[in-house]
Amino acid sequence: MPAPYTGRFAPSPTGPLHAGSLVAALASWLDARRHGGRWLVRIEDVDTPRCIAGADREILRQLAACGLQPDEPPVWQSARGGLYQAALDRLVAAGQAYPCACSRKEIEQALAAQGRPRRRGEEAPYPGTCRQGLRGRAARAWRLRVPDGTVHWTDRRLGPQQQDVAREVGDFVLRRADGLWAYQLAVVVDDADQAITHVVRGEDLADNTARQLVLQRALGLPHPAWLHTPLVRGADGEKLSKQNGAQPLDLADPLRALTDAAGMLGLHARGGSLADALRAWTAEWPFLQSTGD
Ligand code: GLU
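Under this note's numbering, the first residue of the sequence shown carries the number 10, and numbering increases by one thereafter.
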């Protein structure tokens with residue numbers, strides 16, 4: 010029997026919800042409701058320098074005002090370091106993670122020496138310098154030993170996807186040089202610990218999926234189904250963010266904000282109460298065929 014549907018919304022508390030993040034919140038809630046499943050909220054506050062004090066509570070208030078109530082009390086990643094450490098320990102014991110001494114500059118120099126200079130604006134793939142050991146240098150970060158080969162999966166909206174993580178990303182960071190847990194490790198450990206069967210999130214996160222599949226495989230964890238939702242763009246054509254003019258949601262009129270978010274998902278404007286609209290959108294929800302059902 011397949012695991013019962015469990016979905017989640019996993020905001021980083023870097024500011025209040027805006028029109029863009031509400032699309033992902035609404036989509037994950039509707040998908041859970043339509044599948045008769047549970048919907049959880051996880052505050053992803055591991056990247057502490059980017060977090061803003063009080064943004065977590067504000068996000069929870071905004072969700073509540075929009076009628077999006079989690080089925081269990083929210084969890085905070087900052088309280089879950091023990092789980093991430095245990096996962097890293099398992100990977101290290103299995104020879105699947107290793108310490109890395111490289112600074113960003115050294116990585117760029119190594120890539121240039123291999124004739125693969127980093128292109129502007131691109132994250133540099135790790136050239137594998139510390140794969141065979143630190144050679145007397147001090148460990149800074151921990152990396153996953155990524156196996157060769159192309160990862161294939163199907164996104165419920167975007168269709169068939171693939172990425173050669175070893176070639177395009179390389180051995181990626183699990184614990185950062187500043188001691189903070191990397192998003193990839195925290196999200197994979199938490200999705201498994203919370204028995205998440207369906208990940209629904211913004212399309213800006215789609216290119217993390219292959220890394221997360223690789224990490225799930227390394228840890229022997231199940232793969233959820235994936236659905237990446239359309240992005241709301243700012244005036245500059247980039248994903249809407251505080252930097253390009255996103256305003257916090259107007260809680261005086263949550264139905265209006267939700268109606269805009271629903272429109273991004275191809276759903277129709279509805280009259281009546283907030284509850285009526287949420288019920289109608291659940292019935293209208295178009296993303297039914299999924300690899301995880
Ligand atoms: N915390 C991430 C963000 O707000 C989302 C992570 C996820 O949904 O996998 O961008």
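Backbone N, C-alpha and C define an ideal beta-carbon position, used for all residues, glycine too.
Could you please give the first and the last residue of the uninterrupted beta strand (DSSP E) stretch that includes residue 183? 182-184
With a 10 Å radius around its C-beta and 16 neighbouring C-beta atoms as the bar for buried, classify residue 38 as buried or exposed. buried
Where do the N-terminal and C-terminal ends of the beta strand (DSSP E) with residue 52 fall, by residue? 47-52
Reduced DSSP category for residue 99 - H, G, I as helix; E, B as strand; rest coil: helix
Mind listing, in chain order, the continuous alpha helix (DSSP H) runs of no fewer than 4 residues lying wholly within the segment 58-99? 64-74
With 16 other CB atoms within 10 Å as the buried threshold, where does residue 112 fall? exposed
Hey, residue 67 and residue 20: beta-carbon distance below 8 Å or not? no
What is the DSSP secondary structure of residue 107, reduced to helix, strand or coil? strand
Could you tell me if the beta carbon of residue 214 falls within a distance shorter than 7 Å of some heavy atom in ligand 1? yes
For residue 287, tell me which candidate among 74, 156 and 204 has the shortest Cα-Cα distance. 74
Residues in its own chain within less than 8 Å of residue 190 by CB, not counting five upstream and five downstream? 55, 86, 90, 93, 183 and 184
Pick from 18, 242 and 122: whose alpha carbon is nearest that of residue 84? 18
Since residue 248 sits in a beta bridge, which residues does DSSP pair it with? 242
At what residues does the beta strand (DSSP E) containing residue 269 begin and finish? That residue, residue 269, is in no beta strand (DSSP E); its alpha helix (DSSP H) goes 263-273.
Ignoring anything shorter than 4 residues or poking outside the segment 185-209, list the alpha helix (DSSP H) runs there in chain order. 192-202
In terms of residue numbering, what span does the beta strand (DSSP E) encompassing residue 15 cover? 15-18
Quick one, are the C-beta atoms of residue 165 and residue 296 less than 8 Å apart? yes
Nearest-angstrom beta carbon gap, residue 208 and residue 216 [assumed within contact, 8 Å]: No, residue 216 and residue 208 are not in contact; Cβ-Cβ is about 14 Å, not under 8 Å.
So if DSSP puts residue 169 in a beta bridge, which residue, or which two residues, is it bridged to? 163
For residue 291 and residue 108, I'd like the C-alpha separation in whole angstroms. 47 Å
How big is the Cα-Cα spacing for residue 118 and residue 132? 14 Å
Taking the alpha helix (DSSP H) that residue 43 falls in, what are its first and last residues? 28-43
Less than 8 Å between the C-beta atoms of residue 242 and residue 251, yes or no? no
Does DSSP put residue 220 in a helix, in a strand, or in coil? helix
DSSP state of residue 297 mapped onto helix, strand, coil: coil
One question on the structure: do residue 175 and residue 155 come within less than 8 Å of each other, judged by their Cβ atoms? yes
Pairwise C-alpha distance: residue 57 and residue 302: Bear in mind that the predicted position of residue 302 carries a pLDDT of just 41, short of 50, making it too unreliable to give a figure here.
CB-CB under 8 Å to residue 29, same chain, minus the five flanking residues each way: which ones, in chain order? 211, 240, 241, 248, 249, 250 and 255
Take residue 46 and list the residues in its own chain whose beta-carbon comes closer than 7 Å to its own, dropping the five residues that flank it on each side. 13, 14, 15 and 16
Closest to residue 351 by C-alpha separation, out of 234, 51, 134 and 268, would be which residue? Given a span of 10 to 302 for the chain in the structure shown, any question on residue 351 remains unanswerable.
Start and end of the beta strand (DSSP E) containing residue 153? 150-153
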